[in-house]
Amino acid sequence: MNRRKDILNAWITIEQLSEGSINKKDKSLKSIHIKEEDWNEFFSDFLTEQKEQQNVSDKFFKKSGLVLYFDIFNFQEVVDILREKYNITKTYEEVSNSDNFTFSIYFDNQLNFIADKLFFTMSGYIHQHGYFPKDIIKVENSFREDLNRKFNEDFNTTLSEILQKYNISTENFRYAFVKNLDNGDANLHSFFIEDLNRAKTITNKNLNRYFNGFSGNKKNLDGNNESIHFNSHIFETILQPKFYPLGRFPSKPDYALSFMQQVAVNLALNDKNDIRSVNGPPGTGKTTLLKDIFADLVVQQAVEILQLSDKSIQGSLVYWRNAKLGVLPHTISDKNIIVASSNNGAVQNIVKELPKKEEIADNFQSQLEEANYFKDISNSKLTGEGFGKNREIKSELLNEENWGAFSLEGGASTNINKLLLNIEVIEKDLEENYQANAGVSVYQEFSRLYDELIIEREKIQEYNEKMYSLRKLKTKHKEQAVAVEQEEKKKKTNLISQQEEANRELERLRHESVNLQKDLSNGSIKIKELTNVQAQAERNYHVVISQKPSFLWFQKIFNRSRVKHYFKNLNNTNYHLNYLFQQKTKLLNDHMQLEKKLKGIVAKSEYAQKQIQETKADFDRWRTTQQNEMKKLEQEIAFLEKLKLQSDINELDFSLSYDELQKANPWFTKQIRILQSELFISALKVRKQFLYENRKSLKAARIIWNKQSEYIGKENGHQLISESWQWLNFTIPVVSTTFASFGRMFKNLNENSIGNLFIDEAGQALPQASVGAIFRSKKVMVVGDPSQIKPVMTLDSNVLSLIRRFYKVDEMFVSADASTQTIVDATSQYGFLKNDDEWIGIPLWVHRRSNYPMFTISNEISYDGLMVQGKLEDESQGKSQWYDSIGKANDKFVKEQADLLKSLIDKRLQGDPGLAEEIYVISPFRNVAYKLAQVLDSINFTKRENDKITNIGTVHTFQGKEAKIVYFVLGADSNNSGSARWAVADPNMMNVAATRAKEEFYVIGDKKLYASLGSDVANKTISIMHDYNSN
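Quick note on numbering: the UniProt record's numbering labels position 1008 of the sequence shown as 1008, and the sequence is numbered without any gaps.
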């Protein structure tokens, strides 16, 4: 599942199905109304006629020719064929619908068949045969060989046969003059298939991430301090002042980037990842943060220039005889900038906006004027004629709108020619007008400003570290205070417990001592009494001794009874004495034991009292130590708090509410922002001086790039062309292109040839559209919002599902929701966990465009309430209403809704005609938008530029635009409930419509119908409008 080859093959199939689109209404495409006898003569005359009408010289006419488009059909027919064959359920989605041709054949100006240019479309094959071809290339080659053989035999006969076989009519056939056959078929083929095939064989870090995702530890940038995912340490690390850019676009210095804008800028310029995404809801300043990134890259390039010992790069790449091209050091070229998008409007808007004077703060206007980064050239209409010595360039100063040649469109050949012409005039300006002796002072001025800003940033970094310490100390103090309090409570409880235990022991010992003393006293009395008894007994003993009969041996014989009585008394007395002695000895021993025991009790009492004293002393010492430590902490905190009070720097403060934190920008002051902008302007001066010193390399680069076909065949051809581009892109710091033109513009650039690729409105870019741009780039940053407009598809979601299942890839790569943005979102290390299943890129949350309730509608239906209103409360109150209008729908168009809209706009314009420039009319459906334009033509409201309506259209028409007032006409009736449900199934269209409106937003539609669809989008919108108007 999801093997790279399978994903690429699925994308190639989708692209092949989209090939061969043709606009039959194009005036350059001719139809045939009658059958000609001699087609050779007919088309020869046509070519001659076109040569004269288009004023093509004989020289250029050699490159001209003819193209024929056969079997033109509506692409919906192919979708219907696939539906029927593969049992695909019909959807109500509005996909891009077009006419396609089955095959096209080309002839040179002599009507020779050009076999290599034959183009057989996959959709044409399905239209003919009813199923997918096994190998469309094989089909095309077989057809090519057959036609080549036949046209070599006879032009007229072969063409007649083909025209007859395909039953040509005014509807299914067109032919056209091709002014230059080298690029005349560019728009017929897919813009991406060549690069998609190339991607199969490339090993490239960014491409690997694109397909395989990020397997490391993701960093959740959840800025809500009440969220379980909030991690202040991530923000503290990213937002260290040392990571802030030194360059800044010279917009108003009073306004800093918002919290998450600064996070995005710091990561873009410092993070080690080479691919990342920024996910920005409408009005959250995606372009603003890009400007600051661009400005810093320009400053970084100037820093690298100053490191060069020799500012004049010596030639090292031979490109013609002894002529050599100098190689721009990669430390400089790696910081070059390309902006790409699928949205042509986005590509134009960003390069047109960057050099506008109105985008520059008054503080810096004069400085930019002095820097003069080719200001007059950027404000002039340039035309070049002739070659070599006959070369003449005319310059017509149109206005003073631009401050310099900072950005230009690339991509299409006309834009490339304009870019090269601008660079040619820049070369001339450097040669003829630039003051060469300014070099040293320019470098010195930049170095001085750079050093000053570095010092200021280091001071703020030091201050940041102190404030970080303050936060840590406060946390430590708080935690320690709690810990000390808990420990003190615990120790006190323990101390009291020990004291109580000791007191109980002392009381027990006291009782024991009293008893012992009583026992001792009783013992003493007994001993005394026994001593008296013993004394009496001894006296009695001596009395008995004294009564010993005389002549005992005689008495034993003659007076035995007396002697016997004597000895009996003697023995009794002696026994009594011995008994008393033993008793006294026992009493004395007991007395000694009692005395010893009493001494032990006294010792125990003294020990217990000593233990209590020591425990209390230990507690007092511990408490003193803790108090000293807390006091030391408090002194450190007080010192840092005093420093904080004396500073005007706004530090990182996570105690702020969610809204206030998102609007905050820590560390850099207005004065620092002024210095950053001045350093950027000084970097432009360094750039101009460096270009002057390397003008020969610049000229060589322009020549090589302009004649790539001549140089690509050289041994060092790819390197020559790649290094040439680095000089061109360095000269024009920001070059933009659509993805449709990217592959053609950079066809000769290999992988990792482009320094920095910025993809704008990436949510609208098909995932396959950016593959070639990604593998050619060293660093990639995509900016967009999948919650707004999805990529424009030619196939509905069920047909895509068929392709997805066939190639065994999942919805991440092939689905109506898949975009470059969603894929890079998923692979970004830094992002936001929107829900359990969705990881988006670096989120921006502060919205500064729409008033309430448009802001609330967008915020609630698309962003889970995480957006923050950047406007002040009293300045952000808007108007909104749902006009309930019903009627019968014809292809979703409801006449009653159109009439109501016409009446509302007409009334507004009568009161204030100037509002005509401030109103957009939007619908989910193409037919409704088309019909509304016709209705509003009657009051001269519908505006057109180059035959395109500019103020009425589908939601896709207005992505990236804004107006004071927006009318969102939903269309549909109960018979179109499926289409109505599709319009509000996802929040994207309502989100975009609501956020185009700065002040007023009105919905016109069948309220009951849309409320009955079970759509959260419709129901929340109705509820929010009602609540807002009720209050």
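Ideal placement from N, C-alpha and C gives every residue a C-beta, glycine not left out.
The continuous stretches of alpha helix (DSSP H) do not include residue 108, which lies in the beta strand (DSSP E) extending over residues 103–108. One alpha carbon belongs to residue 302, the other to residue 686, and they sit about 6 Å apart.
Only buried fits residue 771, as 16 or more other CB atoms lie within 10 angstroms of its CB.
Cα atoms of residue 111 and residue 43: separation of roughly 8 Å, rounded to the nearest angstrom. Per DSSP, the beta bridge partners of residue 99 are 22, 74. Proximity to residue 209 across 256, 275, 175, 234 peaks at 275, based on C-alpha coordinates.
Taken atom to atom, the span from the alpha-carbon of residue 947 to that of residue 27 is near 12 Å.
Within its own chain, the residues whose Cβ lies closer than 6 Å to the Cβ of residue 1, once the five positions on either side in sequence are excluded, are 808, listed in chain order. Close CB contacts of residue 179 within its chain, under the 6 Å cut and outside five residues either way in sequence, are with 64 (chain order). Under DSSP, the beta-bridge partners assigned to residue 839 are 833.
With contacts defined by Cβ atoms closer than 8 Å, residue 130 and residue 103 do not form a contacting pair. Counting other Cβ atoms within 10 Å of its Cβ, residue 422 reaches 16 or more and is therefore classed as buried. The shortest CA-to-CA distance from residue 920 to any of 897, 954, 889, 829 is the one to 954. With respect to the 8 Å criterion, residue 839 and residue 817 are not classified as neighbours on the basis of their beta carbons. DSSP, read as helix, strand or coil, puts residue 393 in strand. Looking at the DSSP output, residue 276 bridges to 781. Bounds of any beta strand (DSSP E) do not take in residue 201, whose DSSP letter is neither H nor E. In the three-state scheme derived from DSSP, where H, G and I count as helix and E and B as strand, residue 294 is classed as helix. Here residue 713 is exposed. Its C-beta has fewer than 16 other C-beta atoms within 10 Å. For the stretch 403–461, the full-length beta strand (DSSP E) segments reaching 3 residues or more read 407–409 along the chain. Across the set 243, 264, 273, the C-alpha of 273 shows the shortest separation from the C-alpha of residue 217. Exposed is the label assigned to residue 872, since fewer than 16 other Cβ atoms lie within 10 Å of its Cβ. Two segments are said to touch when three or more pairs of C-beta atoms, one from each, lie closer than 8 Å; by this definition the stretch 512–521 does not touch the stretch 560–569.
Straight-line spacing of the CA atoms in residue 742 and residue 966 works out to 34 Å.
Residue 763 sits in a helix when the DSSP states are folded into three classes. In this structure, the CA atom of residue 391 is about 25 Å from the CA atom of residue 407. For residue 332, the enclosing alpha helix (DSSP H) begins and ends at 330–333.
Going by C-alpha positions, residue 781 is about 14 Å away from residue 292.
With contacts defined as CB atoms closer than 8 Å, residue 202 and residue 751 qualify as a contacting pair. Taking the Cα positions, residue 314 is about 55 Å away from residue 989. Taking every protein chain shown into account, the CB of residue 99 has 16 or more other CB atoms within 10 angstroms, so this residue is buried. Here the alpha carbon of residue 405 sits roughly 8 Å from the alpha carbon of residue 733. Look at the beta carbons and you see the stretch 923–939 touching the stretch 890–910: at least three pairs across the two are nearer than 8 Å.
Counted as a single uninterrupted DSSP element, the beta strand (DSSP E) harbouring residue 324 occupies residues 323–326. Distance from the CA atom of residue 467 to the CA atom of residue 663, rounded to whole angstroms, is 20 Å. Counting along the chain, the unbroken beta strand (DSSP E) around residue 319 starts and ends at 315–320.
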